[in-house]
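Residue numbers (our numbering), protein chains in the order written: chain A, 17 to 550; chain B, 71 to 368. In this text, a Cβ means the ideal position worked out from N, Cα and C, and glycines have one as well. In this text the structure is predicted, and so the values were computed from the model without any measurement. Note sheet for the following structure.
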Amino acid sequence: MIKSFFNKTARNIRLIIRRDRIRIPIWLIGIILLTIVVAFAYTELVPTEEERIVMAETMRNPAVTAMFGPGFGLDNYHFGAIMGHQMLLFTALIVGIMSVLIVTRHTRGDEENGRIEMIRSFPVGRLANLGATISVLFATNVVLALITGFGLYATGIEGLDFAGSILYGAVLGVSGFFFAASTALFAQLSESARGTMGLSFTFLGLAYLLRAIGDVGNEAISWLSPLGWVIRAEVYVNNFWWPVLLTFGVGVGITALAFYLHSVRDLEAGFIPPGAGKKTASGFLQSPLGLATRLQRTPIIGWAIGMFVLGASYGSVMGDMETYLETMELILSALPDVEGFTLTEQFLPMLMAVIAMVGTIPVLLMVLRLRGEEAKNRTEHLLARAVSRTRIMGSFTALAVLMGFIALFLGATGLWSAGAATTEDPIAFNTILKGALVYFPAVLVMIGASLILVGFAPGITPLAWLYLGYSFFVVYMGSLLQLPEWLSAITPFGYIPQYPVEKIVFSQLLLLAAIGLVLITAGFWGYRNRDIYG
Amino acid sequence: MAILKISNLGKRFGDVTALDGINLEVNEGEIYGFIGPNGAGKTTTIRVMLGILKADKGDATLFGMDAWKDAVEIHKRVAYVPGEVNLWPDLTGGEVIDLFVKLRGSNNQSRREELIERFNLDPSKKCGTYSKGNRQKVALVAAFSADADLYILDEPSAGLDPLMEKVFQECVIEAKNEGKSVFLSSHILSEVERLCDKVSIIRQGKIIESGSLKDLHHLTRTRITLETQKPIPSIEKLDGVHEVEENNGAYSFQIDTDKLNEVIKHLSQFEIEKLESAPPTLEDLFMRHYRVSGGGEK
């Protein structure tokens, strides 16, 4: 019986590996590189023991605890303790996201598209696909654990000892496995891939949030969250292995439950029945703009909250930043002093650049959604009715422009409100808001650049992401890596004044905005004059 | 009056010639059938008509306006149902119908309810959960609740059950009775035969046959089944007779319609006992055209 349930699992495993032979390696390489690059970055950031002691001091406050988890090894804050404390939880989240995406794709995603039905018409066991998916994810996370573990040890950085490095890898791997298992379970509950992803990401977010609340307040709450468990491995300091075993054990239990539910349910059915929807469209929905907004409702709300949280997380460490930077200055007396500005104010432009570029992600999502709709042959429904192309593109563009503004505004608001709550002498809201809104022309240029792609080269629209990634790299790492000036001259973010340290030159911003508008207009022209195809 | 006029229309995708000098004319109150194998260029033609694709050469005019330049103005009078209906998975069928009707500009609530009833559609379900047939129904309800002058239907009944196909055909006939024109691209030849006044057959981007059904039947053959007392010697050698099968004195063959009289005269001397004739079908015509070159490849 059991054997027949899993008939041809091996074949399914090969199918999944074949389909993801690029995807999985990219995830793994990305995560491993990130870990190792950050490890080296810390050796640059806080090279001396004195600086690390100062850093440890800044870690002793609730805002940081909420972000990274409770501090450990703060009395001897070597690079291992820093990685285990500041980096591990975030990396575990990323690994979790990887698992959610890959598992959804191979379970509900394939089922929804009718591919599982095809596969099941062959002599393939009922649980073969789920079994294969779990197996591949298990193997992926084992590989991730081993390479990360040995990789960290191989860096030879002081404090990254063998036992800790292996545990570091194991914590990542087991987190990935756990969220693969939970996604497999949600795939049984929800009827759609979107629903599965929604439940899985809510679970992931909730795990992080519960841990944050629990770590700051009542520790018992942290025990409800798998992320609360893994952070208690205290990697590189105490090297507890029980959280790994606990998480793995519960993960196996969840997997078993998912298998059971899958074995008793109908194909394409879920355990959470979808509620009856609306029989008529609200007045709001009945226009291209209404449709564009409705289709992206969840990302709009999600990103709005996310931008506020991002701003707030920067704002919450602002008070400590001042102390931290001041001590640094006492030690080094090296930081160039810009007269009349506090150190925090000097740091503000860098924070704003990050907020602006992260805030550009939802903006690009909204522009490129237009091409996504076209590729799924859904734009033709609108175009076959009395709707012009200008109006369709205009709706998506208007939404993107609005999203850009909302992202900057909420990022600034979050930064200010958290900053005001934790510092005695907060920066004026006006200053912070100005510092954010100076990036708006750059956002317009990014919208224009992606509209050019949609209008003239719809096949290569993902290049817009490359451009944003490039901008991020150049602006964020530029001064650190001493990159040549011209590299930042080809990204709009390179032209934004470092307010409040630099003065705002309005003519420059207006020129940038004008370039943005020209690009946008050109994109519209291209879209009006080309074939629409899926 | 010509509602839709296409002359010498050409469209290329890279090196592939999708349409090669298409000519079509649909008049007011006419149901126009457009048939051809997969990949022949039916959908491309329709997309050019809708201004979704831009023609490389030739003209496509609807209501005397250019299909590409005046798309929005034209579409106020056009209702379209695509062959493959892709909808937004998280909107309900009812929401999509309302959106579509609204985007055309008209609003006929009672017609909408009536059609939902007739097509037996549950509008409260999300489109992601609909079957192909149900998604098709959403598009059909949206199209027919619109008060259009021209209905462009691209294989609209694919995926419908026979009962719903009948409802669909009723809707088309009702539209015709109201003086509307219908451009119907279809694979279901019996449907075209029942509904259409005129038919064009497209193959490899060219119109190879065009005219009223009656005209086309002249081009085709009648199938005869015949039993005679005396054996008929070398029947297959007769002019106009094709595909002869003999079985114990019973003959079955096809005959060119214009040779019917001569052949029957000749055959009557063998003392006919039984004769059945089947009218020429579109299917015979279609098969004949495509079998010649071994089917309709792209």
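Practice prompt. Compare the C-beta of residue 293 of chain A with all C-beta atoms of chain B and state if any pair is closer than 8 Å.
Written response: Cβ-Cβ to chain B under 8 Å: yes for residue 293 of chain A.
I'd like to know whether the C-beta of residue 403 of chain A is nearer than 8 Å to at least one C-beta of chain C. Absence of chain C from the displayed structure is noted, the protein chains being A and B.
* Spatial neighbours of residue 179 of chain B in its chain, beta-carbon cut-off 8 Å, leaving aside the 5 residues before and after -> None.
* Asked: My guess is that residue 99 of chain B and residue 251 of chain B are in contact by the Cβ rule of under 8 Å, so how many angstroms apart are they, rounded?
  -> Yes, they are in contact, since the Cβ atoms of residue 99 of chain B and residue 251 of chain B sit about 6 Å apart, within 8 Å.
Closest to residue 40 of chain A by C-alpha separation, out of A:523, A:255, A:126 and A:116, would be which residue? When only C-alpha atoms are compared, the closest one is A:116.
Buried or exposed for residue 443 of chain A, please, with buried defined as at least 16 other CB atoms from any protein chain shown within 10 angstroms of its CB.
-> So residue 443 of chain A counts as buried.
* To do: Please list the partners that residue 174 of chain B has in chain A, where partner means a Cβ-to-Cβ separation under 8 Å.
  => Contact of residue 174 of chain B with chain A by beta-carbon distance below 8 Å involves 401 and 402.
Give me, in chain order, the residues of the same chain whose beta-carbon lies closer than 7 Å to that of residue 34 of chain A; leave out the 5 immediate sequence neighbours on both sides. So the list is empty, once near-sequence residues are dropped.
| said: Could you check whether the stretch 193-202 of chain A touches the stretch 271-290 of chain A, counting it as contact only if at least three pairs of C-beta atoms, one from each stretch, sit closer than 8 Å? | reply: With a cut-off of 8 Å, the stretch 271-290 of chain A and the stretch 193-202 of chain A count as touching, because enough Cβ pairs lie within range.
| query | Which of helix, strand or coil does DSSP assign to residue 282 of chain B? | reply | Residue 282 of chain B: strand per DSSP, three-state reduction.
- prompt: DSSP beta-bridge partners for residue 312 of chain B?
  reply: B:324.
| field | residue 129 of chain B (DSSP reduced to helix, strand or coil) | value | Residue state, collapsed to three classes: strand.
Determine the contact status of residue 105 of chain A and residue 84 of chain A, defining contact as a CB-CB distance below 8 Å.
Yes, Cβ-Cβ distance for residue 105 of chain A and residue 84 of chain A is below 8 Å.
So residue 36 of chain B and residue 96 of chain B are supposed to be a Cβ contact under 8 Å. How far apart are they, rounded?
Here chain B covers residues 71 to 368 and nothing more, so residue 36 of chain B does not appear.
Using a Cβ-Cβ distance under 8 Å, would residue 501 of chain A count as near chain B?
For residue 501 of chain A, the answer is no, since every Cβ of chain B falls outside 8 Å of its Cβ.
| Shortest alpha-carbon distance to residue 255 of chain B belongs to which of B:245, B:282 and B:223? | Across the set B:245, B:282 and B:223, the C-alpha of B:223 shows the shortest separation from the C-alpha of residue 255 of chain B.
Exercise. For residue 293 of chain B, which residues does DSSP report across the bridge?
Worked result: Paired residues: B:324 and B:348.
Legend entry - Bridge-paired residues (DSSP) for residue 150 of chain B: Beta-bridge pairing links residue 150 of chain B to B:222.
Near-chain B residues of the stretch 529-550 of chain A (beta-carbon distance less than 9 Å), N- to C-terminal order: Hits within the stretch, in order: 545, 546, 547, 548, 549 and 550.
Among residues of its own chain, excluding the 5 on either side of residue 420 of chain A, which ones have a beta-carbon nearer than 6 Å to its beta-carbon?
Same-chain partners within the cutoff: 379 and 459.
Please confirm whether residue 94 of chain A has its beta-carbon closer than 8 Å to some beta-carbon of chain B. Answer no: the Cβ-Cβ gap between residue 94 of chain A and chain B never drops below 8 Å.
Notebook entry, point to check: Got a sec? Which residues, its chain only, sit under 7 Å from residue 513 of chain A by beta carbon, not counting five neighbours each side?
Noted result: So the qualifying residues of the chain are 454, 519, 520 and 521.
Residue 124 of chain A at chain B interface by Cβ criterion, 8 Å: No - not a single Cβ of chain B is within 8 Å of the one on residue 124 of chain A.
Q) How big is the Cα-Cα spacing for residue 387 of chain A and residue 469 of chain A? A) Roughly 9 Å between the two C-alpha positions.
Checklist entry - Does DSSP put residue 81 of chain B in a helix, in a strand, or in coil? => result The three-state reading of DSSP puts residue 81 of chain B in strand, counting E and B together.
Output yes or no for whether 8 Å exceeds the beta carbon distance between residue 246 of chain A and residue 158 of chain A. Cβ atoms of residue 246 of chain A and residue 158 of chain A: not closer than 8 Å.
Span separating the alpha-carbon of residue 243 of chain A from that of residue 372 of chain A: Here the alpha carbon of residue 243 of chain A sits roughly 29 Å from the alpha carbon of residue 372 of chain A.
Beta-carbon proximity list for residue 213 of chain A, same chain, < 6 Å, skipping 5 on both sides: Setting aside the 5 residues that flank it on each side, residue 213 of chain A is surrounded in the same chain by 120, each with a C-beta closer than 6 Å to its C-beta; the list follows chain order.
What are the complete alpha helix (DSSP H) segments, minimum 4 residues, inside the stretch 188-275 of chain B? Scanning the stretch 188-275 of chain B from its first residue to its last, the whole alpha helix (DSSP H) runs of 4-plus residues come out as 202-214, 232-247 and 259-265.
Please look up how many angstroms separate the CB atoms of residue 297 of chain A and residue 169 of chain B, rounded, as I've assumed it's under 8 Å. About 5 Å separates the two Cβ atoms, so the contact holds.
Run through the DSSP bridge pairs and tell me what residue 102 of chain B is partnered with.
The partner list for residue 102 of chain B (beta bridge, DSSP) reads B:253 and B:268.
- Task: Pick helix, strand or coil for residue 438 of chain A, following the three-state DSSP scheme.
- Result: Looking at residue 438 of chain A - three-state DSSP - the assignment turns out to be helix.
Which term fits residue 30 of chain A, buried or exposed, when burial requires 16 or more other beta carbons within 10 angstroms of its beta carbon? So residue 30 of chain A ends up on the exposed side.
Handout entry: Proximal residues to residue 208 of chain A (C-beta, below 7 Å), its chain only, five neighbours per side dropped
Key = Taken in chain order, the residues that qualify are 124 and 128.
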